[in-house]
Ligand code: FES
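In our numbering, the protein residues as written are 5 to 578.
The following block contains the structure:
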């Protein structure tokens, strides 16, 4: 560890006595910085995913100013810069197509600029993994400031979860006869403050992931975006990053194998999103820690569910914060965690979460009396998913976790929409809905379509869940007996591509099995007749993505982005 400011990376730009030193300093002076700002203050890049096109991150512009206060308090030089922001509810065809692109933007911006330490300002689903992935490939001292969830949604005296209510709109209109006015009222009530989705969806899962990995100050994840304590956390993070630079506490020192194992354990206990798997695998790939799909089951599969939040439970993030938040969960899990894993504040995760009080055991259970046993993500294997598929038991229907049913196949999501509500579609509650063409290559970008709505005729019968299987993803706000991330995907000739209507499929979560009941000879016959679909793009980034994206079991990162290139830039600006 070094506290010698002459060794600061930024001094390679600002410390020069030559022409380039003049150039690097001079243009910055047009923003009115005094001379001492260039004389050895740690330069802190505030990497901001603020965008008016990303509603969940709409408050982060203001938050950057709060972080700057902290950096200045500690004697640093804060410089905010924008990076690609990914708005989950608006970007077409899916934000996942752009996660890796955004991570490249972050990586190259950090490396190319005179920065000593980084604060990542994040919120909406993909903005956390994309920034962390990019930062990992540079490996400077880095701290994450999660933007925080919205306040609980409110609608006619009830709490409403963002995201989770979306999946009920069809059912509400069909069965409960909601009018357009009813839906409008709910639409407004569910998003009544700044912040990201307040269910334990992907954004909240990501916030908890970075806290469990040790990349935030303790307790940061659950604080609502509009709570003044969120700003206190942001300012303290600004102070802390300056110290992290002085201590040379880099991401690679925090993101050890132990930290990843801790994150898997915590994710199981909070009933976190299945998207966690893809993002954690991708982050591990960038920082160079070996992690594979099976680890999520072997490390997290037997962990009990301790948090009663939608979509697995009843409450929302605001309630989670008032109950004590993630520190209580971490404390409860202490016998399953690597308590000596170092975190951003320089202390271990065990030291940080020694004695947090729980104020509501209906929201956060004790380890002895959990809401559910064995709640972690289950990794399935079988001829239908040779490289694996996943299911989230805490969000599934117990009775369907062992099920054998007849496949009803949709070749694409458009095919599904065109036919699912046909009255004469041959489907009943025992059928297994199979959706193809939703993988990283096939869609492209692996959209959140795995939890497709049930057919209207079955909803009217009162059916609320069926087994659904796809190579796509599922929103972290959704629930159901949904098998996801089937790998290899259908577009590259995985067995999923060969499933036909009427085939029998067997799901057995307890034995981690997903089996297509056809003979090897029949599979070979179908494979010989199968033709690879034409790529969905012939130019630009999307072609590049299709040619380089890895399968879901590897985290769906681009193959050439694996690992890092460090922070050194060998060639100068001349
Ligand atoms: Fe941004 Fe849910 S849409 S967090």
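Virtual Cβ for every residue (Gly too), placed ideally from N, Cα, C.
| request: Check whether the stretch 157-165 touches the stretch 192-206, counting contact only when three or more Cβ pairs, one atom from each stretch, lie closer than 8 Å. | output: yes
| request: Would you kindly check if the distance between the Cβ of residue 226 and the Cβ of residue 321 is under 8 Å? | output: yes
| request: Measure from the alpha carbon of residue 513 to the alpha carbon of each residue in 408, 205, 372, 353, then state which is nearest. | output: 408
| When you compare only the Cα positions, how much space is there between residue 284 and residue 107? | 14 Å
| Through-space distance from residue 47 to residue 6, alpha-carbon basis | The pLDDT assigned to residue 6 is 37, lower than 50, so where the model puts this residue is not dependable, and the model offers no usable value.
| query | For residue 253, which residues of its own chain have a beta-carbon under 6 Å away from its beta-carbon, when the five flanking residues on both sides are left out? | reply | Around residue 253: 145.
| request: Report all residues from its chain with a CB closer than 7 Å to the CB of residue 494; omit the five preceding and five following residues, and keep chain order. | output: 440, 441, 443, 446, 475, 500, 501
| field | Neighbour-count burial assignment, residue 35, 16 or more Cβ in a 10 Å radius | value | exposed
| Closest by CA to residue 386, which one among 100, 267, 510, 138? | Of the residues 100, 267, 510, 138, the one whose Cα lies closest to the Cα of residue 386 is 510.
| task | Quick one: give me the first and last residue of the alpha helix (DSSP H) that residue 270 is part of. | result | 261-274
| In whole angstroms, what separates the C-alpha of residue 3 from that of residue 258? | Limits of the chain in this structure are 5 at one end and 578 at the other, which puts residue 3 out of reach.
| Could you give the C-beta distance for residue 28 and residue 118, rounded to a whole number, given that I count them as a contact under 8 Å? | 7 Å
| query | Hey, quick one: how far does the alpha helix (DSSP H) through residue 279 stretch, first residue to last? | reply | 279-291
| message | Measuring only from the beta carbon, is residue 207 closer than 7 Å to any heavy atom that is part of the ligand FES? | response | yes
| field | Cα-Cα separation, residue 559 to residue 103 | value | C-alpha separation (whole angstroms): 11 Å.
| said: If you reduce the DSSP assignment to three classes, tell me which class residue 494 lands in. | reply: helix
| Looking only at C-alpha atoms, which of 199, 249, 457, 189 sits nearest to residue 91? | Per the Cα distances, 199.
| In three-state DSSP terms, what is residue 8? | Its pLDDT being 44, under 50, residue 8 is placed unreliably in this model, and the value from its coordinates should be taken loosely. When secondary structure is reduced to three states using DSSP, residue 8 falls in the coil class, being assigned neither helix nor strand.
| said: Pop quiz: residue 136 and residue 124 are said to be a contact at Cβ under 8 Å. What is the actual Cβ separation, rounded to whole angstroms? | reply: 7 Å
| Cβ pair residue 203, residue 348 closer than 8 Å | no
| message | If I measure Cβ to Cβ from residue 307 and keep anything under 7 Å in the same chain, skipping five residues before and after, which residues do I get? | response | 269, 272, 273, 340, 379, 380
| request: Would you mind giving the Cβ-Cβ distance between residue 293 and residue 260, rounded to the nearest angstrom? I have them listed as a contact below 8 Å. | output: 7 Å
| Per DSSP, what kind of secondary structure is residue 382 in: helix, strand or coil? | DSSP places residue 382 within a strand segment (E or B) once states are collapsed to three.
| query | What do you reckon, are the CB atoms on residue 465 and residue 436 nearer than 8 Å? | reply | no
| message | Going by DSSP in three states, residue 512 sits in which element: helix, strand or coil? | response | strand
| message | Below 7 Å, is the gap between the Cβ of residue 392 and the nearest heavy atom of the ligand FES? | response | no
| query | Where does residue 23 fall in DSSP's three states? | reply | helix
| task | Please indicate yes or no: does the CB of residue 165 lie closer than 7 Å to some heavy atom of the ligand FES? | result | no
| said: Spatial neighbours of residue 2 within its chain, please: C-beta separation below 8 Å, excluding the five flanking residues on both sides. | reply: Absent from the structure is residue 2, since the part of the chain shown begins at 5 and ends at 578.
| request: Determine the direct distance from the alpha carbon of residue 391 to that of residue 77, and round the result to whole angstroms. | output: 50 Å
| Own chain partners of residue 234 with C-beta closer than 6 Å, once the 5 adjacent residues on each side are dropped | Hits under 6 Å: 152, 227.
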